[in-house]
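What follows is a set of notes on a single structure, which appears directly below.
There are 2 protein chains.
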Amino acid sequence: MFSGAQISLYPMTDGFVDVILDAVKAMDTEKLRVETDDVSTLLVGPHEELFAAMQALFETAAKTGHHTVLHATVSRGCPGEPDDPICEGPLDAGLFGPLAERQAEAVESVKAKPTSGQRADGQFSLYVPGASIHMDEVYGCIDFLKQAGVFAKPKNFCTKLSGDSAAVFEALHQAFVRFGTPAGHVALDVTISANSPSLKA
Amino acid sequence: MFSGAQISLYPMTDGFVDVILDAVKAMDTEKLRVETDDVSTLLVGPHEELFAAMQALFETAAKTGHHTVLHATVSRGCPGEPDDPICEGPLDAGLFGPLAERQAEAVESVKAKPTSGQRADGQFSLYVPGASIHMDEVYGCIDFLKQAGVFAKPKNFCTKLSGDSAAVFEALHQAFVRFGTPAGHVALDVTISANSPSLKA
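Just so you know, the protein sequences line up as chains S and V, in that order.
The first sequence begins at 1 in my numbering and counts up by one.
The second sequence begins at 202 in my numbering and counts up by one.
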């Protein structure tokens, strides 16, 4: 199983370089492979570490008070990627239970997460390429988000999320590991925003 | 066929609101349905209009000289979306020919596009959810990008693009309409960047 993310951070300020560099320092990347270019930074490694690193990056940038957006293209099990020992983790161990069971486990994981005090608003799309179960899993995931308390509203092509950043990132993490198929390809297109002036209007 | 995009523009400057509002004015949205919230703007309509609007938005913001990124989640044929008469277009009319034929047509469309003089660097992922042909179409699309002269490099989970913005947006447009299946679900996760300081270093 190969899992990772291409992440980009967009602080809407003239001092964006410093906000990005400080936020990058907040990520614990000890267990991750990291590669950066002018468009995004690749993180490869276990899914727990991936989502913890993204949450730290987002929260550190959000605390500056600037309107800041994190975008991530997250993927596991892509048939075009080789397996990588760095990615080994719990997901490889088990088979998936029925949808209702996975939804309950996912909700429990979100509820168990300590809050951060940072508000996060965003949206994401879940893709299960190459699998005929695609829409069942997508609808099952949306049900889970409602139960977990981070569902904001349905949108075309994606689902809007809102809540404490710890709950939002854990919900994305659970969407990533508990839906689709255990060994199959799952991809997320994630956008998480902080301090938008549109919300203050 | 329902087609549209959730788009967001990220100008990395204290004056981001004005850059966004000016760029939005540059989009021709006469044939599009537009809905905005704090995270993204929905455009629904024919695919030619969608990509032309995104190109205008990007180029107008890029011309300010600020480091600016456009992100778009683009989708057609999603089984969760109702058909919409506003989206009718050439794609609905025809069946797909063999891959090599579609690649040649796509290359021709990119080459025929008048240049803008604006450089664009970015990356995108093509998803064909629910279809077993997923990876064949993805690899076929990457081959087309190489032939069209906008392929920059392979990356994990996505393909990096570079070139004149007109060629880059037309390549994305062609990827959207000529790959996957004619009536099936195709989604793009698109990031296009201008004026990155990383490229000036």
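Here a beta-carbon is modelled for each residue, glycine too, at the ideal position from N, C-alpha and C.
Counting other Cβ atoms within 10 Å of its Cβ, L362 (chain V) reaches 16 or more and is therefore classed as buried. The CB of F377 (chain V) never comes closer than 8 Å to any CB in chain S; the least such distance is about 13 Å. Burial check for Y10 (chain S): the Cβ neighbour count within 10 Å reaches 16 or more, so the residue is buried.
With 16 or more other Cβ atoms inside 10 Å of its own Cβ, S317 (chain V) counts as buried. Counting along the chain, no beta strand (DSSP E) covers E101 (chain S); the unbroken alpha helix (DSSP H) around it starts and ends at L99 to K111. Taking 7 Å as the Cβ-Cβ cut-off, the stretch 289–323 of chain V approaches chain S at D322 and G323, given in chain order. Residues of the stretch 29–43 of chain S with a Cβ closer than 9 Å to any Cβ of chain V, in chain order: E35, T36, D37, D38, V39, S40 and L42. Annotation: Cβ neighbours of Q6 (chain S) in chain V (cutoff 8 Å, chain order): Q324, K356, N357, F358 and C359. Of all residues in the stretch 262–274 of chain V, those with a C-beta nearer than 8 Å to a C-beta of chain S are H268, V270, H272 and T274, reading in chain order.
In the displayed model, L233 (chain V) falls within coil according to three-state DSSP, outside both helix and strand. DSSP places Q207 (chain V) inside the beta strand (DSSP E), whose first and last residues are S204 to P212.
In the pairwise beta carbon analysis, the stretch 298–313 of chain V is classified as not touching the stretch 228–236 of chain V: fewer than three pairs are separated by under 8 Å. Nearest Cα to G80 (chain S) within the set V:L389, V:T360, V:V391 and V:I393: V:T360. Going by DSSP, P398 (chain V) is part of the alpha helix (DSSP H) stretching over P398 to K401. In chain order, H248, R277 and C288 place their CB closer than 6 Å to the CB of S204 (chain V), counting only its own chain and leaving out the 5 sequence neighbours on each side. Taking a Cβ-Cβ threshold of 8 Å, the residues of chain S close to S394 (chain V) are D38 and V39, in chain order. Put simply, the CB of H47 (chain S) is far from chain V, with every gap to its CB atoms at 7 Å or more. In its chain, beyond the 5 residues on either side, A166, A167 and E170 have a beta carbon closer than 7 Å to the beta carbon of K113 (chain S).
The DSSP-derived three-state label of V44 (chain S) is strand. Cβ-Cβ distances below 6 Å link A307 (chain V) to F345, Q375 and R379 in the same chain, with the five nearest sequence neighbours on each side left out; the list follows chain order. By the Cβ rule, the stretch 181–188 of chain S does not count as touching the stretch 259–275 of chain V, because fewer than three pairs are nearer than 8 Å. Between the alpha carbons of A56 (chain S) and A183 (chain S) lies a gap of roughly 27 Å. Proximity of chain S to P398 (chain V) at the Cβ level (cut-off 7 Å) is accounted for by V17, in chain order.
Rounded to the nearest angstrom, the Cβ distance from A194 (chain S) to F58 (chain S) is 7 Å, consistent with a contact under 8 Å. Between the beta-carbon of V235 (chain V) and that of S209 (chain V) there is about 14 Å, and that puts the pair past the 8 Å contact cut.
Under the rule that a run must span 4 or more residues, the alpha helix (DSSP H) segments found entirely inside the stretch 325–365 of chain V read 335–349. In terms of Cα proximity to M202 (chain V), the closest of V:T214, V:V245 and V:P398 is V:V245.
When the alpha-carbon of A23 (chain S) is set against those of S:E49, S:A53 and S:G122, the nearest one is in S:A53. Counting along the chain, D189 (chain S) sits inside the beta strand (DSSP E) bounded by residues V186 to A194.
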